[in-house]
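These protein sequences, in sequence, are chains A and B. Reading the first sequence from the start, the letters are residues 0 to 502 in numbering that gives the first Met the number 0. Reading the second sequence from the start, the letters are residues 0 to 502 in numbering that gives the first Met the number 0.
There are 2 protein chains.
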Amino acid sequence: MDLTEIEWNKLGAYLKETQILGSIQNTLYWDQNTGMPKNGATWRSEQLTYLAKILHKRNTSIEFQSLLEAANIELLSLEISSENTQIIHSKKRNIELLLKEFNRNRNLDPKLVELLATAKSKGYESWQEAKMKSDFNIFLPYFKELIKLRIEEAKQISDQYSPWETLAQPFEPDLTLKWLNKIFKPLRETLPALTREIGKSKKYSWDLTPKSQHNLCSKLLDEFGRDKNLVVVANSPHPFSITLGPKDFRITTRIVDGEPFSSFLATAHEWGHSIYEQGLPSQTHQWFAWPLGQATSMGVHESQSLFWENRIVKSKSFSKRFFENFVAEGCVLKNYYELWKSINNLKAGVNRVEADELTYGLHILIRTELEIDLIEGSLEAKDIPSEWNKRYEELLGVRPSNDSEGCLQDVHWSEGAFGYFPSYLLGHLISAQITTQMEKDIGLLENLIEKGEYEKIIFWLKNNIHKYGRSLNSMELVRKVTSEELSSEHFINHLISKINDFC
Amino acid sequence: MDLTEIEWNKLGAYLKETQILGSIQNTLYWDQNTGMPKNGATWRSEQLTYLAKILHKRNTSIEFQSLLEAANIELLSLEISSENTQIIHSKKRNIELLLKEFNRNRNLDPKLVELLATAKSKGYESWQEAKMKSDFNIFLPYFKELIKLRIEEAKQISDQYSPWETLAQPFEPDLTLKWLNKIFKPLRETLPALTREIGKSKKYSWDLTPKSQHNLCSKLLDEFGRDKNLVVVANSPHPFSITLGPKDFRITTRIVDGEPFSSFLATAHEWGHSIYEQGLPSQTHQWFAWPLGQATSMGVHESQSLFWENRIVKSKSFSKRFFENFVAEGCVLKNYYELWKSINNLKAGVNRVEADELTYGLHILIRTELEIDLIEGSLEAKDIPSEWNKRYEELLGVRPSNDSEGCLQDVHWSEGAFGYFPSYLLGHLISAQITTQMEKDIGLLENLIEKGEYEKIIFWLKNNIHKYGRSLNSMELVRKVTSEELSSEHFINHLISKINDFC
Numbered sequence: 000m001d002l003t004e005i006e007w008n009k010l011g012a013y014l015k016e017t018q019i020l021g022s023i024q025n026t027l028y029w030d031q032n033t034g035m036p037k038n039g040a041t042w043r044s045e046q047l048t049y050l051a052k053i054l055h056k057r058n059t060s061i062e063f064q065s066l067l068e069a070a071n072i073e074l075l076s077l078e079i080s081s082e083n084t085q086i087i088h089s090k091k092r093n094i095e096l097l098l099k100e101f102n103r104n105r106n107l108d109p110k111l112v113e114l115l116a117t118a119k120s121k122g123y124e125s126w127q128e129a130k131m132k133s134d135f136n137i138f139l140p141y142f143k144e145l146i147k148l149r150i151e152e153a154k155q156i157s158d159q160y161s162p163w164e165t166l167a168q169p170f171e172p173d174l175t176l177k178w179l180n181k182i183f184k185p186l187r188e189t190l191p192a193l194t195r196e197i198g199k200s201k202k203y204s205w206d207l208t209p210k211s212q213h214n215l216c217s218k219l220l221d222e223f224g225r226d227k228n229l230v231v232v233a234n235s236p237h238p239f240s241i242t243l244g245p246k247d248f249r250i251t252t253r254i255v256d257g258e259p260f261s262s263f264l265a266t267a268h269e270w271g272h273s274i275y276e277q278g279l280p281s282q283t284h285q286w287f288a289w290p291l292g293q294a295t296s297m298g299v300h301e302s303q304s305l306f307w308e309n310r311i312v313k314s315k316s317f318s319k320r321f322f323e324n325f326v327a328e329g330c331v332l333k334n335y336y337e338l339w340k341s342i343n344n345l346k347a348g349v350n351r352v353e354a355d356e357l358t359y360g361l362h363i364l365i366r367t368e369l370e371i372d373l374i375e376g377s378l379e380a381k382d383i384p385s386e387w388n389k390r391y392e393e394l395l396g397v398r399p400s401n402d403s404e405g406c407l408q409d410v411h412w413s414e415g416a417f418g419y420f421p422s423y424l425l426g427h428l429i430s431a432q433i434t435t436q437m438e439k440d441i442g443l444l445e446n447l448i449e450k451g452e453y454e455k456i457i458f459w460l461k462n463n464i465h466k467y468g469r470s471l472n473s474m475e476l477v478r479k480v481t482s483e484e485l486s487s488e489h490f491i492n493h494l495i496s497k498i499n500d501f502c
Numbered sequence: 000m001d002l003t004e005i006e007w008n009k010l011g012a013y014l015k016e017t018q019i020l021g022s023i024q025n026t027l028y029w030d031q032n033t034g035m036p037k038n039g040a041t042w043r044s045e046q047l048t049y050l051a052k053i054l055h056k057r058n059t060s061i062e063f064q065s066l067l068e069a070a071n072i073e074l075l076s077l078e079i080s081s082e083n084t085q086i087i088h089s090k091k092r093n094i095e096l097l098l099k100e101f102n103r104n105r106n107l108d109p110k111l112v113e114l115l116a117t118a119k120s121k122g123y124e125s126w127q128e129a130k131m132k133s134d135f136n137i138f139l140p141y142f143k144e145l146i147k148l149r150i151e152e153a154k155q156i157s158d159q160y161s162p163w164e165t166l167a168q169p170f171e172p173d174l175t176l177k178w179l180n181k182i183f184k185p186l187r188e189t190l191p192a193l194t195r196e197i198g199k200s201k202k203y204s205w206d207l208t209p210k211s212q213h214n215l216c217s218k219l220l221d222e223f224g225r226d227k228n229l230v231v232v233a234n235s236p237h238p239f240s241i242t243l244g245p246k247d248f249r250i251t252t253r254i255v256d257g258e259p260f261s262s263f264l265a266t267a268h269e270w271g272h273s274i275y276e277q278g279l280p281s282q283t284h285q286w287f288a289w290p291l292g293q294a295t296s297m298g299v300h301e302s303q304s305l306f307w308e309n310r311i312v313k314s315k316s317f318s319k320r321f322f323e324n325f326v327a328e329g330c331v332l333k334n335y336y337e338l339w340k341s342i343n344n345l346k347a348g349v350n351r352v353e354a355d356e357l358t359y360g361l362h363i364l365i366r367t368e369l370e371i372d373l374i375e376g377s378l379e380a381k382d383i384p385s386e387w388n389k390r391y392e393e394l395l396g397v398r399p400s401n402d403s404e405g406c407l408q409d410v411h412w413s414e415g416a417f418g419y420f421p422s423y424l425l426g427h428l429i430s431a432q433i434t435t436q437m438e439k440d441i442g443l444l445e446n447l448i449e450k451g452e453y454e455k456i457i458f459w460l461k462n463n464i465h466k467y468g469r470s471l472n473s474m475e476l477v478r479k480v481t482s483e484e485l486s487s488e489h490f491i492n493h494l495i496s497k498i499n500d501f502c
């Protein structure tokens, strides 16, 4: 036994148990969305509440605190030599991140944690019903409760951040409203005009059978090199990607009537998330029980999913490569160019998940502004449907015909996840900015895709993005990889070039 | 608050937490068998080991003991009135069952528990290899260790029962060897002769596509009245039924090449298990965290699955009713009678799982006698292969061509599960005996099935079998429902009538 690591290993064992419980929670969540019968919901929520309670206990316990402190002292007492600088540096980062999270958790009233868990599960349940019946009022009381509890949560954490910023920290560490506004401002100014420019694109009206869509999704994953012993796919009402163990990755997709690309693009998107998780460091102090073995932010996570969805699958080369597969499944489009036009389909619509690269940002700007107003401003929950529709008309020129396709379309708020949405748009920006760098390093994407060199792309992503885990936050990571601060410039350039190509 | 229930409710809360953890364990097990990618196995086993550890701790803790004792004292101090006799009686039964189990767990040396866990997992591992290579000697040393440890376990529990009886108690509470021998004796005397009578039946060689088999399984469950909000179906390597919550039931099936009825019969079988669990009492002191809300024995459980598999699906009326569905899926059989002959297919073989109603009992008699001889008699583990083959020839007139299709075919012994096998055969006897009673009460099964009156059948089962949970053990239950002691008479009569019909 290495005597310089006694406390460190004790802390590691503790984190491992926490990770076991966390991954059990993930497994229950996965099952809830892919397999559970409807009536199982009540008991499942009891299970999840119970796990949340013991996880909160573990994450805020005196025992954990002592282990953290002891490991920290042990670490500080180590003599730094040329060989161990790197390791000590990243161990310190681990401790720093753990302490930050510990303090965040410790400030929370356990009673509130329990109330939140229940509210989340009730929120989700009522949202499902509300969405089905397209009636926001069914969800409203649970939504109000969620907002109230999460504001209370933000106050208890009492960071240096504002309430909404506080709620956004777990998704995008170190984010501030000021920084976000600066980054998003050019988008707010540019996207509506660009959206008007595309006008009404031709919408090909056709569909593929569910079976054909499944076949195409399967072929897509094969093309990308999925290992079936590692990655499993299922259907769920809302596509997601989740990691259940160091070698257990799951992704979901869904079939949407009349949207033949929906499941296909969702698969590419979730694959991007999954391949990021698969590429995270997994050795010793960086394995998945330690912070360094985890994803650094949702923005970076989204950059990876959006990269595969938009930069790979929506490229011309990809349409060229995959056109025959679509034909084999009964696709009525005449050539790869029609496929490319159809899969890109730049067009303002009411649905975020189905949105194209261009209008997607507007969906996010609306949600981000609405939730900041809900948490920090004067917007009341009951006014969400009307405000939602109003802003859609203003920014996108479209109006949802009911709550189900409007403000109830996303799952996030049903579980009280505020501060999450901006990550999607940050993801677009990060994806665009790192793609510019990737092309400098390994050549044009269109060429790589044409030759099916996905391994080369994955290798670059792994070595430039994935392998850092949480050792760098998203801003640092972008700076390190691209030698620039994150901005909307690359993304806007990409959009303009796509529109020129498209129209 | 009812002051007479303070301690009772505390115990209830404790049991609920235990049940939450147990049902989480079940969810992980379900996922492991229906969804998990292969490489997820190592981490899943860490999760399961962790849960097993905390469950064992909960079930043997001083806290649990104190809660049990306090609830017991509170209960004994209650004045019995005409209104509460029934409730007090069943509460007492709850405590009695809990104490029995607690003492059983508490008597075990933790060291032995650990050794057993290792021996089971090594046993399972070596059995897999032994089966694959068809070489019993690979498994032998681990098997010997398992036998040794389980005998030691039985001694530590130091019941009033013999070692083998002790090991059988969790599956069939209150079972004794004397009773079992008496019940099984007529089978030992009758079944070999009946088996010789059927001779070589005609085997129809045909198959159905996996999709057709799935469609038929789905139609079968619809026919039985499955509520999709309550019961979910998936595929797994070995069919099973499992309850994940008070309103969350899962069943699995599997497709076997060249066996067009395999998935169909497995679905009926697992449906029977599930409908039993669905019918268990679920209110207050009988809900599923309390013993009274649980299944009373594996024999009764099997009686329910075997009832749906053999008495319903293998009946003539069912073949008549369902023949068109088989035709629609491409079945080559010419008429319902051929379907009935084919689905019954009485024929001696070397494999237990594929055995028909008649020869199934012989497979069980052989295993039961062998394991009793191993645990209590003079049979040595090394002689299992030769003894196995000898008895198969004597009783069934067939001889396995190797260990893999002979004594290594079942998983049970590989995990040291002795005392389980008789439940399968007891299930046949119980199913037959309660069917006789059911027919007296609501009419001939053939008539009920012909009219599709499954609701009536389920209603009878629920009110005569399911609703009792563990308030009666299997022998008491059978006596109560049929006004007779359990015997093999009804089963043998059923077999004779089926053979007459069949040959």
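In this text, a Cβ means the ideal position worked out from N, Cα and C, and glycines have one as well. The structure displayed is predicted, hence computed values, not measured ones.
Here residue 88/A is exposed, its C-beta having fewer than 16 other C-beta atoms within 10 Å. Beta-bridge partners assigned by DSSP to residue 248/A: 230/A and 242/A. In the three-state scheme derived from DSSP, where H, G and I count as helix and E and B as strand, residue 35/A is classed as coil.
From the listed residues 272/B, 330/B, 97/B and 452/B, the smallest Cα separation to residue 305/B is found for 272/B. Counting only Cβ-Cβ distances below 8 angstroms, residue 247/B has contacts in chain A at 35, 36, 38, 39, 42 and 43, in chain order.
Fewer than three Cβ pairs drawn from the segment 370-387 of chain A and the segment 17-37 of chain B lie within less than 8 angstroms of each other, which leaves the two stretches out of contact. Under the three-state reduction of DSSP, residue 174/A is assigned to coil, being neither helix nor strand.
Considering only 345/B, 138/B, 501/B and 484/B, the residue with the shortest C-alpha distance to residue 412/B is 138/B. When only Cα atoms are considered, residue 248/B and residue 255/A end up about 28 angstroms apart. Every alpha helix (DSSP H) stretch that sits fully inside the segment 107-158 of chain B and reaches 4 residues is listed by chain position as 109-132 and 135-156. Relative to residue 103/B, the option among 40/B, 466/B and 59/B whose CA is nearest is 59/B.
Taking 7 angstroms as the upper bound on Cβ-Cβ separation, chain A lies near residues 19, 22, 23, 26, 27 and 30 of the segment 17-32 of chain B. Under the 10 Å beta carbon count, residue 35/B is surrounded by 16 or more other beta carbons and is classified as buried. Here DSSP, grouped into helix, strand and coil, assigns residue 295/B to coil. For the segment 226-243 of chain A, the set of residues with a beta-carbon nearer than 9 angstroms to any beta-carbon of chain B comprises 226, 227, 228, 229, 230, 231, 233 and 243, in chain order. Residue 46/B reaches chain A at 19, 22 and 23, counting residues in chain order whose Cβ is nearer than 7 angstroms. Relative to the Cα of residue 47/A, the nearest Cα in the group 394/A, 309/A, 123/A and 204/A belongs to 123/A. Along the segment 94-124 of chain A, there is no position whose C-beta sits under 9 angstroms from a C-beta of chain B. Distance from the CA of residue 490/B to the CA of residue 214/A, rounded to the nearest whole angstrom, comes to 49 angstroms. Boundaries of the alpha helix (DSSP H) harbouring residue 277/A: 261-278, taken from the DSSP string. Under the criterion of beta carbons closer than 8 angstroms, residue 349/B and residue 414/B do not qualify as touching, at roughly 22 angstroms. Three or more Cβ pairs closer than 8 angstroms define a contact, and the segment 81-98 of chain A meets that threshold against the segment 287-294 of chain A.
Listed by position along chain A, the residues whose Cβ is nearer than 9 angstroms to that of residue 49/B are 16, 19, 20 and 23. Residue 90/A and residue 472/A have their alpha carbons spaced roughly 16 angstroms apart. Between the C-alpha atoms of residue 261/A and residue 353/A there is a straight-line separation of about 7 angstroms. Proximity to residue 372/A across 162/A, 453/A and 112/A peaks at 162/A, based on C-alpha coordinates. Contact check between the segment 110-124 of chain B and the segment 389-398 of chain B: fewer than three CB pairs, one atom from each, fall below 8 angstroms, which does not count as touching. For the 9 angstroms CB-CB criterion, residue 158/A and residue 164/A form a contact. For residue 253/A, same chain residues with a beta-carbon under 8 angstroms away, outside a window of 5 residues either side, are 234, 235, 236, 237, 238, 261, 262 and 265 in chain order. Residue ranges of uninterrupted alpha helix (DSSP H) with 4 or more members, entirely inside the segment 335-400 of chain A and ordered along the chain, are 335-343, 356-375 and 383-395. Around the beta carbon of residue 42/B, a 10 Å sphere encloses 16 or more other beta carbons of the protein chains shown; the residue is thus reported as buried.
Minimum Cα-Cα distance from residue 428/B among the listed residues 331/B, 299/B, 131/B and 44/B corresponds to 299/B. When the five nearest sequence neighbours on each side are left out, the beta carbons in the same chain lying within less than 8 angstroms of the beta carbon of residue 171/B are those of 296, 297, 298, 418, 421, 422, 425 and 473, in order along the chain. Spanning the alpha carbons of residue 452/A and residue 204/B requires a straight line of approximately 48 angstroms.
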